[in-house]
Ligand code: SF4
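Numbering (the working numbering), first residue to last: 3 to 338.
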């Protein structure tokens with residue numbers, strides 16, 4: 003029996019290379035080896051975008067198209083929309099009694115995100131909603147609804163898995179053995195840096211290359227990427243390790259990488275030539291993804307069907323979990 007993996011992504015924008023190399027590439031492998039559930043987490047996206055639901059709505063389709071274009075295969079992956087599975091919300095309500103508010107506030111992931119919000123909004127946390135603080139509980143509901151055994155995460159997300167395990171243990175202790183404790187599957191790839199050299203690539207940072215970017219956009223972005231700032235003249239030797247252009251040559255596995263490195267160090271390579279080569283390689287890398295994107299954009303009814311079918315499969319699994327949970331809690335009123 004294949005183990006079950008549950009992972010999710012918030013529909014807050016198109017996929018960029020940070021998503022691709024940081025998580026999605028790994029999913030393409032995992033979908034061949036496991037029973038793979040991939041959730042488009044629209045409800046979770048609303049914790050930050052509750053006042054702009056149209057943003058979330060618009061991005062669901064875009065994200066589904068991106069995911070299918072990179073090779074998420076609906077024959078291997080159950081791709082579904084979170085809000086189409088109301089059982090998750092019901093489980094969230096039941097689990098919310100199993101965790102204290104103090105424990106949620108102590109969760110390091112929640113703590114970090116709250117302090118980021120405080121810094122962003124410059125207040126003492128008044129903008130932090132109940133839905134936001136409680137999202138580890140809804141995440142536990144996501145995981146257990148589909149009996150997720152392995153959860154691919156980065157190190158910063160480990161506390162969320164631990165929180166889920168605690169909820170599962172508490173449920174099983176009070177109501178009897180019902181739920182499986184999930185395990186974290188640490189993602190092998192670190193964070194992907196932005197074009198500006200920032201440690202993180204992100205939409206809000208304006209330093210991302212999107213899978214949906216046109217050739218023209220790619221060209222403009224790469225021409226503005228951060229290089230070794232000590233290189234003033236074309237034939238100055240430089241250090242490729244501090245250059246984002248070299249970083250992306252490496253990331254997309256340019257087969258002339260050694261030449262790029264040597265020529266940069268010797269000063270026999272100009273940055274403009276180097277950037278132009280990267281633009282060409284990047285477009286080659288993105289070509290098959292672009293072709294698939296064009297196909298799905300022209301066949302959105304196919305995308306709709308994939309999401310509907312996936313959501314039906316996911317719902318069935320979640321219904322089963324919810325029924326077990328309610329039976330164990332003695333609130334299944336099929337028989338009085
Ligand atoms: Fe970066 Fe290439 Fe310029 Fe070297 S030659 S600093 S690797 S852009």
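C-beta: ideal position from N, C-alpha, C; glycine also.
Asked                                                                                                                             : Found
For residue 42, the residue or residues it bridges with in DSSP                                                                   : 11 and 83
The stretch 240–249 contacting the stretch 221–232, beta-carbon criterion three pairs below 8 Å                                   : yes
Which residues DSSP lists as bridging residue 18, in chain order                                                                  : 212
Three-pair Cβ contact test at 8 Å for the stretch 160–168 versus the stretch 205–222                                              : no
Sequence ranges, beta strand (DSSP E) only - wholly within the stretch 127–174, length at least 3                                 : 152–155
Under 7 Å between C-beta atoms of residue 2 and residue 247                                                                       : Residue coverage of the chain in this structure runs from 3 to 338, which leaves residue 2 outside it and unanswerable.
Test item: CB-CB of residue 47 and residue 14 under 7 Å                                                                           : yes
Heavy atom of the ligand SF4 within 6 Å of residue 242 beta-carbon                                                                : yes
Reference residue 50, options 12, 29, 260 and 67, closest by Cα                                                                   : 12
Cβ-Cβ separation, residue 151 to residue 184 (assumed contact under 8 Å), whole Å                                                 : 6 Å
Contact under 7 Å by Cβ, residue 320 with residue 147                                                                             : yes
Any non-hydrogen atom of the ligand SF4 closer than 6 Å to residue 248 Cβ                                                         : yes
Reduced DSSP secondary structure (H/G/I, E/B, other) of residue 337                                                               : coil
Backbone CA spacing between residue 80 and residue 102 [nearest angstrom]                                                         : 33 Å
Closer than 6 Å: residue 235 CB and nearest the ligand SF4 heavy atom                                                             : no
Beta-carbon contacts of residue 117 that lie in its chain and below 6 Å, excluding the five residues immediately before and after : none
Cβ-Cβ distance between residue 16 and residue 64 below 7 Å                                                                        : yes
Buried versus exposed, by CB contacts within 10 Å (16 or more), residue 258                                                       : exposed
Rounded straight-line distance, which links the Cα of residue 92 to that of residue 262                                           : 55 Å
Three-state secondary structure assigned by DSSP to residue 240                                                                   : coil
Residue 196 and residue 181 closer than 7 Å at C-beta                                                                             : no
Residue span of the alpha helix (DSSP H) that contains residue 188, given as start and end                                        : No alpha helix (DSSP H) contains residue 188, which is instead part of the beta strand (DSSP E) from 185–188.
Opposing strand residues paired with residue 37 [DSSP bridges]                                                                    : 6
Spatial neighbours of residue 279 in its chain, beta-carbon cut-off 8 Å, leaving aside the 5 residues before and after            : 251, 256, 258 and 262
Pair within 7 Å by beta-carbon distance, residue 272 and residue 236                                                              : yes
7 Å Cβ cutoff met for residue 189 and residue 154                                                                                 : yes
Contacting residues, own chain, Cβ-Cβ under 8 Å from residue 84 (five flanking each side not counted)                             : 10, 41, 42, 43, 44, 45, 46, 90 and 144
Near the ligand SF4: residue 198 beta-carbon under 6 Å from a heavy atom                                                          : no
Among 68, 133 and 323, nearest to residue 52 - alpha-carbon criterion                                                             : 133
Reduced DSSP secondary structure (H/G/I, E/B, other) of residue 301                                                               : coil
Euclidean distance between Cα positions of residue 74 and residue 27                                                              : 10 Å
Proximity of residue 94 and residue 6 at Cβ, strictly below 7 Å                                                                   : no
Classification of residue 37 by the beta-carbon crowding that lies within 10 angstroms, buried from 16 upward                     : buried
Cβ-heavy atom distance, residue 230 to the ligand HEM, below 6 Å                                                                  : Questions concerning the ligand HEM fall outside what the structure shown contains, since the ligands it does hold are the ligand SF4.
For residue 221, the first and last residue of its enclosing alpha helix (DSSP H)                                                 : 217–225
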